[in-house]
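Notes follow the structure.
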Amino acid sequence: MNKSDCLCRVCSSTISDIFDFGNMPIANNLMPVINDTYTKNEYKYNMKIGVCINCSSLQIVNVPEKELMFNNQYAYFASQSEFMKSHFEKLGNKVMQLMDKEKDYILEIGSNDGIFLKYFADKQYKHLGVDASENVVETAKKNGVNALCSFFDEETSIEINNKYGKAKIIVITNTMHHIENCQEVAKGINNILAEDGTLIIEDPYLLDMYKIGSIEQVYAEHNFIWSLHSYKTLFEKHSIKLFDVEHFDTHGGSMRYYFSKQNLNKTSTMQEYINLELNNKIFDINTFIKFQENCINISKELYNFVVSKSKEGKIIAGYGATAKSATTLNYSNIDKNLISCIYDSTPFKIGKYTPGTHIEIKDAKLFTKDSPDYTILFAWNHKKEIIEKEKNNKSKTIWVEYIPELKLTYEN
Ligand code: DWN
Ligand code: ZN
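By the count of this note's numbering, the sequence shown reaches residue 820 at its end, each step adding exactly one.
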């Protein structure tokens, strides 16, 4: 276990390097074409994971420049999932109860294609979305959402405060873990959150990742995996206090955190999860070493399966050109020579190639006609929705899951 040359971005303690993936491409940097010029110039960074056992946060040691990850070619459009749309609609209904429609406004940081704020726009609530990727902001605007293209930092918070005043609600879903400079975000939130306001954050949860061995939740864009303890450490420094949490199965297990500037009573659910983290030894480096071993086994198992089926002459495809799978595919050396293509419904992704492994992304509509022998479910977090949809299409494929372990299912 090496001491990292970086300090923890949350609490400034020394962090320990636990996992070195070697050179990795940026997970959402899809290649428009595959030729020598593109492949030679493909950006790679050394993806090393460190863990801070003082505040229990997992983080990438050297994060690429943010502009390389979030720009006008951002590939992820959250509204591709009907399930996630309804998940956010429920959150919207809950949040609206906390707002005075006449006076208050809601700010979302990382508003993507407007999947969440659309409900506020539709019901004429005052709202503002901020996102650093121009193309998703454009889509949000087309969905009627009031959106600003910018990285959220202290300066942006001042500009927003000058124009809109303090926000009653700030929501950050699946975005806080994208932001390397978490202190800057916390300062910005402190500037702009109303004294009686609520900050709601939701993202993949450290204990779930540990439990199911989903190391692929980590890639440059997901440069943090947060826990209750690490979020508490961060926000308490900025006088913002955690008072409640809610757990969801989304994205392989996510936690929703509720914070306030006020001293609100802490809920029993929050206390339960604090205890659960302690019982699961999240401050013990051995916990992370076991996790690392589990992840290495998962990736070896998948590689061996793909190689053996490929030798038998079987066609192996993927479903869901996820950012997560970039970690597994690149780390396990599973590339275009082993996987025929990956099916996906996102118009922006179709016709492009996966980063590093250069697998073609095809329109999910072609899946039934092609009927590959085996299909690896890279979007395993959307299993129910995808299998249901494809069942109706009667593809003859055998589904392959690899998290938490290799499993074949014959659904048709
Ligand atoms: O935080 C992040 C989140 C939430 O999602 C990001 N940094 C980027 C992204 O990660 P991901 O790409 O691993 O997310 P998903 O949600 O697992 O991606 C699912 C992929 O599968 C998308 O490309 C859409 C596709 N899909 C599909 O083709 N048919 C999804 C569904 C539900 C479908 O029915
Ligand atoms: Zn720390």
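Don't be surprised by glycine CBs; every beta carbon is placed ideally from N, CA and C.
Backbone secondary structure at residue i - three-state DSSP
| i | result |
| --- | --- |
| E813 | coil |
| I608 | strand |
| A628 | coil |
| M507 | coil |
| Q488 | helix |
| S450 | First, the amino acid is wrong: residue 450 is Glu here, not Ser. E450: coil per DSSP, three-state reduction. |
| T581 | strand |
| D616 | helix |
| H535 | strand |
| H766 | coil |
| Q591 | helix |
| H646 | coil |
| N431 | strand |
| E473 | coil |
| D652 | strand |
| D826 | Lying outside 409 to 820, the shown extent of the chain, residue 826 is not represented and no answer is given. |
| T776 | helix |
| L438 | coil |
| K404 | Nothing in the structure corresponds to residue 404, since the chain is present only between 409 and 820. |
| T493 | Per the sequence shown, the amino acid found at residue 493 is Lys instead of Thr. Here K493 sits in helix by DSSP. |
| I623 | helix |
| K804 | coil |
| G596 | helix |
| D657 | coil |
Same chain, Cβ closer than 6 Å to residue i, five either side skipped, listed in chain order
| i | result |
| --- | --- |
| K534 | Y513 |
| N801 | T776 |
| V579 | E516, I608 |
| L614 | I633, S635 |
| I442 | Y761, H766 |
| Q488 | S753, T754 |
| D743 | T765 |
| A529 | G552, V553 |
| D781 | K722, I723 |
| C416 | I423, C460 |
| I623 | C703 |
| S421 | C460, N462 |
| K576 | M507, D512, A602, G605 |
| N582 | D611 |
| Y453 | P472 |
| I811 | I620, S622, W788 |
Counted within 10 angstroms of its Cβ, other Cβ atoms place residue i as buried (16 or more) or exposed
| i | result |
| --- | --- |
| Q467 | buried |
| V459 | buried |
| T817 | exposed |
| Q670 | exposed |
| K502 | exposed |
| V808 | buried |
| I693 | exposed |
| Q625 | buried |
| V538 | buried |
| G430 | exposed |
| T547 | buried |
| E813 | exposed |
| D604 | exposed |
| L737 | buried |
| D428 | exposed |
| P612 | buried |
| K804 | exposed |
| S638 | buried |
| Y751 | buried |
| N705 | exposed |
| G759 | exposed |
| D508 | exposed |
| T783 | buried |
| S647 | exposed |
Close beta carbons around residue i, own chain, < 7 Å, minus the five adjacent residues each side
| i | result |
| --- | --- |
| I434 | Y451, P472, L476, M477, A628, P763 |
| A731 | A435, N436, Y484, Y627, E629 |
| K689 | T695 |
| K815 | E809 |
Nonlocal neighbours in the same chain, by C-beta distance under 8 Å from residue i, ignoring five residues either side
| i | result |
| --- | --- |
| F656 | H495, E610, S662, M663, R664 |
| C590 | R417, V418, M584, F632, L642 |
| V715 | L746 |
| A555 | S519, G522, L525, L536, G537, V538, D539, V545, A548, K549 |
| K456 | S412, D425, F427, D428, F429, I468, V469, N470 |
task = Anything with a beta carbon under 6 Å from a heavy atom of the ligand ZN counts; list them all in chain order.
result = Taking each Cβ in turn, the ones that pass are C416, V418, C419, S421, C460, N462, C463, S465.
message = Quick check for students: name the residue ranges of the alpha helix (DSSP H) that lie wholly in the region 661 to 747, counting only runs of 4 or more.
response = You should have 676 to 687, 693 to 719, 731 to 740.
Residue ranges of each alpha helix (DSSP H) within the region 522 to 575, 4 or longer = Within the region 522 to 575, complete alpha helix (DSSP H) segments of at least 4 residues are found at 525 to 530, 542 to 550, 562 to 572, given in chain order.
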